[in-house]
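Counting from 1, position 93 in the sequence shown corresponds to residue 146 in the working numbering; the numbering is continuous, with no gaps.
The beta-carbon is built from N, C-alpha and C at its ideal position, and this holds for glycine as well.
This one's a predicted model, so the numbers in the text were calculated from it and none came from an experiment.
To start, the structure under review is shown below, and the notes come after it.
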Amino acid sequence: MPATFVHNGVEKAVVDFKLSSGAKNYVRRIFVTSENQIVKIGSSFAGNTVLEYVDFEHMQNLNTITSQAFQDNEKLYVDKLSESILTIGNNAFMNCPRVMITELPTNLNELGASAFYGCAGITNCDLSTAIVLKTIGQDAFNNCVNMTGENFPPI
54 MPATFVHNGV
64 EKAVVDFKLS
74 SGAKNYVRRI
84 FVTSENQIVK
94 IGSSFAGNTV
104 LEYVDFEHMQ
114 NLNTITSQAF
124 QDNEKLYVDK
134 LSESILTIGN
144 NAFMNCPRVM
154 ITELPTNLNE
164 LGASAFYGCA
174 GITNCDLSTA
184 IVLKTIGQDA
194 FNNCVNMTGE
204 NFPPI
């Protein structure tokens, strides 16, 4: 029986989105419907050589992007993350030069070490939108060579 969680008073099954290592380089784009049940993305896409886009904005139940989930994806374009995300793990988007987020999800609680390390597409990131952010890991935005500024949440 799958694990469950309660979201907005409704019990839902936990779906951990994983692919076998051989299948990961066949997925180019991930789109979801508003009824999707994806709550966690594991490291299935680390090192993917063809993934270009993930529709994070419509993953309304997504709460965790695990460590190394999309690490070393040179083609992956991301400009917006789901507001439901609570945790972004260590190295989650490390060395993804086309990641261009400008703000963090409102409900983000934890941003792992080196989460956006080497994301050259990030020029400015408003961290103040993450109003419940408690942890920013070491080097979270290190080596984002085009980053000119960031706004931090109030303490």
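| Query | Result |
| --- | --- |
| Rounded C-alpha distance that separates K187 from M147 | 21 Å |
| Outcome for G202 when other beta-carbon atoms lying within 10 angstroms are tallied against a minimum of 16 | exposed |
| Identified DSSP bridge partners for K133 | DSSP lists no partner for K133. |
| Own chain partners of N126 with C-beta closer than 6 Å, once the 5 adjacent residues on each side are dropped | N101, L104, C149 |
| 7 Å CB neighbourhood of D69 in its chain, flanking five on each side removed | Its pLDDT being 44, under 50, D69 is placed unreliably by the model, and nothing is read from it. |
| Residues that G202 bridges to, as DSSP identifies them | N177 |
| Exposure label - V198; buried when at least 16 CB within 10 Å | exposed |
| Where Q191 falls, given that 16 or more other Cβ within 10 Å makes a residue buried | exposed |
| C-beta contact flag for I141 and G165 at 8 Å | yes |
| Identity of the residues DSSP links to I184 by a beta bridge | I184 pairs with nothing; no bridge assigned. |
| Same chain, Cβ closer than 7 Å to N196, neighbours up to 5 away in sequence not counted | Y170, G171 |
| CB of I154 within 8 Å of CB of D132, strictly | yes |
| Span of the beta strand (DSSP E) around K128 | Note, K128: premise wrong, no beta strand (DSSP E); not H, not E. |
| Own chain residues within Cβ distance below 6 Å of P158, not counting five before or after | L134, E136, I138 |
| Backbone CA spacing between Q124 and A145 [nearest angstrom] | 6 Å |
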